[in-house]
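Visitor:
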Amino acid sequence: MKSERAACVQWRALDEINAGVCDGVTYEEIKKNMPEEYESRKKDKLCYRYPRGESYLDVIQRLEPLIIELERQRAPVVVISHQAVLRALYAYVADRPFEEIPHIEIPLHTIVE
């Protein structure tokens, strides 16, 4: 029996949302030290852009070329990525509205079909 290996391709587009100056900072620390940012994010997670970072809309835009490439594939594809990215990809394949993206529950360490 011949053993086959799947091709492994890394795409920078699958990197987690860039939290800018908030990278490595907990939400509690942001709430305490940057209350305006905390409230802005809470009001509109889809459009909120971290200082020197990204918004969910930015993530969606950076995923567009990857989505086109994934749609060209004829064999099954496995995507391993981070929550914000997986939320956006899931919303695309499940035809969910943009507004829902930041609130889609993607369980950690789980395969979602």
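So the sequence shown is numbered by the numbering used here: it starts at 1058 and just counts up by one.
Each residue gets a CB set at the ideal place from its N, CA and C atoms; glycine is no exception.
Since we're looking at a predicted model, the values are computed, not measured.
Out of A1063, L1071, A1064, Q1140, which one is the CA nearest neighbour of E1162?
Guide: As a first step, residue 1162 must be located in the sequence shown, where it is residue number 105. Checking every option, the nearest Cα to that of E1162 belongs to Q1140.
Visitor: Measuring CB to CB, does L1114 end up less than 8 Å from C1104?
Guide: Against the sequence shown, residue 1114 aligns to sequence position 57. Against the sequence shown, residue 1104 aligns to sequence position 47. Result yes, Cβ atoms of L1114 and C1104 sit closer than 8 Å.
Visitor: Ignore the nearest five residues each way along the sequence and tell me which others in K1102's own chain have a CB closer than 7 Å to its CB.
Guide: Along the sequence shown, one-based indexing puts residue 1102 at 45. Excluding sequence neighbours, K1102 sits near Y1113, P1159.
Visitor: May I have a chain-ordered list of the alpha helix (DSSP H) segments no shorter than 4 residues that lie completely inside the region 1074-1149?
Guide: 1084-1090, 1092-1100, 1113-1129, all fully within the region 1074-1149.
Visitor: How would you call Y1107, buried or exposed, if buried means at least 16 neighbouring beta carbons within 10 angstroms?
Guide: By one-based count along the sequence shown, residue 1107 stands at place 50. Classification of Y1107: buried, given that the 10 Å Cβ count is 16 or more.
Visitor: Looking only at C-alpha atoms, which of R1109, D1072, Y1084, C1065 sits nearest to K1099?
Guide: Indexing the sequence shown from 1 puts residue 1099 at position 42. Per the Cα distances, Y1084.
Visitor: Quick one: is E1111 buried, meaning 16 or more other Cβ sit within 10 Å of its Cβ, or exposed?
Guide: Against the sequence shown, residue 1111 aligns to sequence position 54. The residue in question, E1111, is buried, as its Cβ has 16 or more Cβ neighbours within 10 Å.
Visitor: Taking its Cβ as the centre, do 16 or more other Cβ atoms sit within 10 Å of C1065, making it buried, or is it exposed?
Guide: Position 8 of the sequence shown, counting from 1, holds the residue named residue 1065. Answer is exposed; the Cβ neighbour count stays below 16.
Visitor: Which same chain residues end up closer than 6 Å to R1144 when comparing Cβ atoms and leaving out the 5 residues on each side of it in sequence?
Guide: Numbered from its first residue, the sequence shown carries residue 1144 at position 87. I1158, I1161, I1163.
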